[in-house]
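Notes to accompany the following structure.
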Amino acid sequence: DTGVSQDPRHKITKRGQNVTFRCDPISEHNRLYWYRQTLGQGPEFLTYFQNEAQLEKSRLLSDRFSAERPKGSFSTLEIQRTEQGDSAMYLCASSFHRRWAYNEQFFGPGTRLTVL
Amino acid sequence: QQQVKQSPQSLIVQKGGISIINCAYENTAFDYFPWYQQFPGKGPALLIAIRPDVSEKKEGRFTISFNKSAKQFSLHIMDSQPGDSATYFCAASDTNAGKSTFGDGTTLTVKP
């Protein structure tokens with residue numbers, strides 16, 4: 001296990017379809033984050049988990065988005081009824097969180113979504 | 117409301133020169149300030165990070181300068197190399213919240 005992996009790396013879909021992305025974090029990491037990055041912008045926070053608990057969701061995360069981390073290991077991000085505005089790079093990051101410590105986030109390569 | 121503002125948007129530097137990228141933040145709860153480097157088609161990779169209890173941190177050719185009273189921090193790349201050409205993002209986070217807030221990035225081009 002050399003880092004965070006994401007699958008697929010690229011996804012092209014038609015407007016209205018559902019898509020699901022997977023993230024496998026670094027194995028000992030207890031926190032997992034999802035970010036969205038559009039061209040020319042920095043990553044924007046979407047949601048994060050500590051183990052299997054989803055601790056925070058951004059206002060950016062509409063009802064069409066849902067994320068899970070069922071066993072505190074891998075996570076999935078599903079987008080229902082995709083819209084063209086969902087086209088972006090979806091980044092996953094993980095960290096080993098310890099209270100009152102600085103927790104470096106390691107990013108995966110991202111999944112690039114194109115909605116036609 | 118953009119909580120982390122980054123400048124410049126793009127930067128061109130000659131090989132061997134110094135690259136300087138600046139960031140300003142608003143939320144005084146932020147207590148961890150990393151810089152990330154991103155190459156096309158890749159995820160961001162942590163370059164260097166600083167806590168607000170120090171004013172400067174140096175790792176090799178990369179230095180972060182931090183001004184807590186001004187709520188500003190900057191990345192200096194000494195002896196810039198063509199291989200440093202990438203997009204650089206500053207970020208800020210509240211340790212216990214965990215999530216990071218990113219600037220919009222600076223595209224650095226180092227000319228040989």
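Protein chains in written order, with my numbering: chain A, 1 to 116; chain B, 117 to 228.
Ideal Cβ placement from N, Cα and C applies to all residues, glycine included.
All of these numbers come straight from a predicted model, not from anything done at the bench.
Leaving aside the five residues before and after residue i along the sequence, list all residues of the same chain whose C-beta is less than 6 Å from its C-beta, in chain order.
i: Asn-51 (chain A); result: Asn-30 and Gly-72
i: Ile-12 (chain A); result: Thr-114
i: Ser-66 (chain A); result: Glu-78
i: Asp-7 (chain A); result: Arg-22
i: Phe-218 (chain B); result: Phe-205 and Ala-207
i: Pro-150 (chain B); result: Leu-162, Ala-165 and Ala-207
Would you mind reading off the limits of the beta strand (DSSP E) that contains residue i?
i: Thr-114 (chain A); result: 111–115
i: Asp-24 (chain A); result: 19–24
i: Glu-52 (chain A); result: Counting along the chain, Glu-52 (chain A) falls outside any beta strand (DSSP E), and DSSP gives it neither H nor E.
i: Ile-136 (chain B); result: 135–141
i: Leu-162 (chain B); result: 161–166
i: Val-226 (chain B); result: 222–227
i: Pro-8 (chain A); result: First-last for Pro-8 (chain A): undefined, no H or E at that position.
i: Met-194 (chain B); result: No beta strand (DSSP E) holds Met-194 (chain B); DSSP gives it neither H nor E.
i: Thr-217 (chain B); result: 216–218
i: Phe-65 (chain A); result: 65–68
To the nearest angstrom, how far is it from the Cα of residue i to the Cα of residue j?
i: Ser-5 (chain A); j: Gly-42 (chain A); result: 20 Å
i: Ser-170 (chain B); j: Phe-182 (chain B); result: Inspection of the sequence shows that residue 170 (chain B) is occupied by Val rather than by Ser. Roughly 7 Å separates the two Cα atoms.
i: Lys-173 (chain B); j: Ile-166 (chain B); result: 7 Å
i: Ser-185 (chain B); j: Ile-79 (chain A); result: 42 Å
i: Ser-27 (chain A); j: Ser-75 (chain A); result: 12 Å
i: Cys-92 (chain A); j: Lys-158 (chain B); result: 12 Å
i: Gln-130 (chain B); j: Pro-109 (chain A); result: 29 Å
i: Leu-46 (chain A); j: Thr-225 (chain B); result: 30 Å
i: Val-120 (chain B); j: Tyr-141 (chain B); result: 5 Å
i: Ile-180 (chain B); j: Glu-104 (chain A); result: 16 Å
i: Gly-176 (chain B); j: Arg-59 (chain A); result: 39 Å
i: Arg-98 (chain A); j: Ile-137 (chain B); result: 30 Å
With a Cβ-Cβ cutoff of 9 Å, do residue i and residue j count as a contact?
i: Ile-60 (chain B); j: Asp-195 (chain B); result: Nothing in the structure corresponds to residue 60 (chain B), since chain B is present only between 117 and 228.
i: Ile-128 (chain B); j: Lys-215 (chain B); result: no
i: Leu-32 (chain A); j: Ser-94 (chain A); result: yes
i: Gln-125 (chain B); j: Tyr-204 (chain B); result: no
i: Pro-156 (chain B); j: Phe-107 (chain A); result: no
i: Gln-84 (chain A); j: Arg-15 (chain A); result: yes
i: Gln-122 (chain B); j: Thr-223 (chain B); result: no
Suppose the cutoff is 8 Å on Cβ atoms and the five residues either side in sequence are ignored; what does the same chain contact list for residue i look like?
i: Leu-55 (chain A); result: Tyr-48 and Phe-49
i: Gly-40 (chain A); result: none
i: Val-19 (chain A); result: Lys-11, Thr-13, Glu-78, Ile-79, Thr-82 and Leu-113
Throw me the rounded Cβ distance for the residue i and residue j pair, which I believe falls under 8 Å.
i: Cys-139 (chain B); j: Gln-197 (chain B); result: Going by Cβ atoms, the distance from Cys-139 (chain B) to Gln-197 (chain B) rounds to 22 Å, so no, they are not a contact pair.
i: Trp-34 (chain A); j: Tyr-90 (chain A); result: 7 Å
Can you name, in chain order, every residue of its own chain whose Cβ lies under 7 Å from the Cβ of residue i, other than the five neighbours on each side?
i: Asp-210 (chain B); result: Ala-145, Phe-146 and Asp-147
i: Gln-17 (chain A); result: Thr-82
Less than 9 Å between CB atoms is the rule here; does residue i satisfy it with respect to chain E?
i: Arg-177 (chain B); result: Note that chain E does not occur in the displayed structure, where the protein chains are A and B.
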